[in-house]
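One structure below.
There are 2 protein chains.
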Amino acid sequence: MEVDIWQKIYQKNKEIATALSEKLREKEILCVNVLGSPGIGKTSCLIEIIKRLDFKSYVIEGDVEADFDTVKLQKLGINAVQIDTHGACHLDSPLIEIAVEELSPEKGILFIENIGNLICPAEFKIGEHIIVLIVSVTDGSDKPYKYPLAFQKADIIILNKCDLLPYVDFDFDFFSQGVRGNNKTAPIIKVSAKTGEGFEDIIKYLEKLC
Amino acid sequence: MEVDIWQKIYQKNKEIATALSEKLREKEILCVNVLGSPGIGKTSCLIEIIKRLDFKSYVIEGDVEADFDTVKLQKLGINAVQIDTHGACHLDSPLIEIAVEELSPEKGILFIENIGNLICPAEFKIGEHIIVLIVSVTDGSDKPYKYPLAFQKADIIILNKCDLLPYVDFDFDFFSQGVRGNNKTAPIIKVSAKTGEGFEDIIKYLEKLC
């Protein structure tokens, strides 16, 4: 019985996600699902990306609690709304449907910053056209081996906090080999949201899709 | 119907956890549930703790996939077993019951390294007597505000990677204020698993409980 209910929840979520994804595409809006652990720099990377983009950008900010990131984005003039899940570990498509209605995005890019969690959000489609996975050199090079699903589903992988490379033990070859074991094609792009380095390739990637 | 099933799952998990916790206490084994995000340094901190402890130590290593950490612990002569959840985002008490049987711990300390996830593991008791939460200065000072449950449930909070403090923006007062908004009593202990600094206070804390 439990399995039936889960299948129904997944199925319903997928149906709403597919419809939302189509609706956004019709409006010429690229929808980007941004995944990553807590504190990996999702919002900081989004700020660096959005300020370099020539397209109108929107952000749906997902958090368990608090709205620091939405306030930060809004202060920079970025059109952002907050979803607090009050305990839930991932966003789902019914939540995004409501947030999209509130945000009323026009032609451009809609970023959805998912809940800080490297496991559950990878299981739920939320209307996205692509998935951006953000990881950090401070978290070690074994993450693709330990959390394979997020790496399998990613269309592009951003390796953040590269300004800290001189001070941490990060084995890029081992990391890269782990990524390729899960995902043959996603580009891996090294950046530092602190120094602003490395974001040009992400901009090129996104602008090709718009 | 869905809610009923969840309540039953929580209830059953809690019953097994309570029985396990009592059984371990009878055997004079302190059971420690170790929570933290992916890559926060849970295994590295455990190694620093175990090598300083005067008590016999055991580790149950939880991961979504891979057994790097168990192999690392075993190479150091630490009695460790691996649980891979193959996708699941937290450990539960039936899994721990099986692992405890395999490990057959005697008087001492049993550490259970939970899945790298700052959300779901805080909801499931697994037979522990205390919860150790590990966070890192690289993840920013806003975590207690964004992920309150783990901070509410923690008996002791370890702030890791303090060797990187000169290179990151971490506001300890803001962090500490966020912790105290959720938890009035848990000590916050600053450490670096890389340099080995700060672990004495954790040892004192644990040895008092044994």
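Note that the protein sequences, when read in sequence, are chains A and B.
Throughout the first sequence, residue numbering follows the numbering used here, covering 1 to 210 in sequence.
Throughout the second sequence, residue numbering follows the numbering used here, covering 1001 to 1210 in sequence.
Heads up, the beta-carbon is just placed ideally off N, CA and C, and yes, glycines get one too.
Determine the closest residue to residue i out of the options, with distance taken between C-alpha atoms.
i, options, result
"Q1177/B", "I1060/B, I1188/B, N1013/B", "I1188/B"
"V81/A", "T70/A, G116/A, E123/A, L91/A", "T70/A"
"K1051/B", "A1066/B, I1078/B, D1063/B", "I1078/B"
"I1202/B", "L1118/B, Y1167/B, A1122/B, I1131/B", "I1131/B"
"V1137/B", "K1008/B, L1149/B, F1172/B", "F1172/B"
"N182/A", "L206/A, L149/A, I156/A", "L149/A"
"V64/A", "G87/A, L206/A, C45/A, L53/A", "G87/A"
"L1046/B", "F1151/B, Q1152/B, N1114/B", "N1114/B"
"G1039/B", "K204/A, F170/A, Y10/A, Y205/A", "F170/A"
"L1164/B", "V1059/B, G1140/B, E1015/B", "G1140/B"
"Y145/A", "E1015/B, A1186/B, G1116/B", "G1116/B"
Along the chain, where does the alpha helix (DSSP H) that runs through residue i open and close?
i, result
"V1179/B", "1172–1182"
"L248/A", "This structure does not reach residue 248/A, given that chain A is present from 1 up to 210, and the question cannot be answered."
"L1209/B", "1200–1209"
"D69/A", "68–75"
"I273/A", "Since the first residue of chain A shown is 1 and the last is 210, residue 273/A is not available in this structure."
"L1053/B", "From DSSP, L1053/B is part of no alpha helix (DSSP H); its letter is neither H nor E."
"L118/A", "Where L118/A is concerned, there is no enclosing alpha helix (DSSP H), given that its DSSP letter is neither H nor E."
"F151/A", "148–153"
What's the C-alpha gap between residue i and residue j?
i, j, result
"L76/A", "L1209/B", "49 Å"
"V1179/B", "C1089/B", "24 Å"
"D1092/B", "N1013/B", "7 Å"
"G41/A", "K184/A", "25 Å"
"T43/A", "A1019/B", "43 Å"
"V1191/B", "D4/A", "46 Å"
"G36/A", "A193/A", "14 Å"
"V168/A", "D142/A", "14 Å"
"H1006/B", "L53/A", "Here the sequence assigns Trp to residue 1006/B, which means His is not the residue at that position. When rounded, the distance between both Cα atoms is 44 Å."
"F1151/B", "L1133/B", "7 Å"
"K8/A", "E123/A", "14 Å"
"F1174/B", "D155/A", "36 Å"
"K1204/B", "P166/A", "33 Å"
"V223/A", "K72/A", "With chain A represented from 1 up to 210, any question about residue 223/A goes unanswered, as that position is not in the structure."
"Y10/A", "L1206/B", "43 Å"
"F1015/B", "A186/A", "This sequence places Glu at residue 1015/B; Phe is not what is there. Taking the straight line from one Cα to the other gives about 45 Å."
"V135/A", "V1135/B", "16 Å"
Excluding sequence positions up to five away, which residues of its chain have a Cβ less than 6 Å from the Cβ of residue i?
i, result
"I109/A", "L30, F55, S57"
"K107/A", "E28"
"K1153/B", "A1122, I1131"
What does a CB cutoff of less than 8 Å around residue i pick up in its chain, not counting 5 residues either side in sequence?
i, result
"C1120/B", "C1089, H1090"
"E129/A", "According to the sequence provided, residue 129/A is His. The question's Glu does not apply to it. Hits under 8 Å: S21, L24, R25, L30, C31, V32, L209."
"D1067/B", "E1061, Q1082, D1084"
"Q74/A", "A80"
"E48/A", "V191, A193, G196, F199"
In the DSSP assignment, find the beta strand (DSSP E) that holds residue i and state where it starts and stops.
i, result
"I112/A", "108–113"
"D163/A", "Looking at the DSSP string, D163/A is not in any beta strand (DSSP E), and its letter there is neither H nor E."
"A88/A", "Run containing A88/A: none; DSSP gives neither H nor E here."
"L30/A", "29–35"
"E61/A", "57–63"
"K1190/B", "1188–1190"
"I130/A", "130–136"
For residue i, which residues in the same chain have their Cβ closer than 7 Å to its Cβ, ignoring the five residues on either side in sequence?
i, result
"I126/A", "A17, N33, L91, D92, S93, I96, I112"
"Y1147/B", "L1118, I1119"
Count the CB pairs spanning the region 1095–1111 of chain B and the region 99–106 of chain A that are closer than 8 Å, and state whether there are at least three. no
Touching by the beta-carbon criterion (3+ pairs, under 8 Å), the region 156–163 of chain A and the region 186–200 of chain A: yes
Requested in this report: Determine which residues of the region 1130–1145 of chain B have a Cβ less than 8 Å from any Cβ of chain D, and write them out in chain order.
Outcome: The chain labelled as chain D is not found among the protein chains of the depicted structure, namely A and B.
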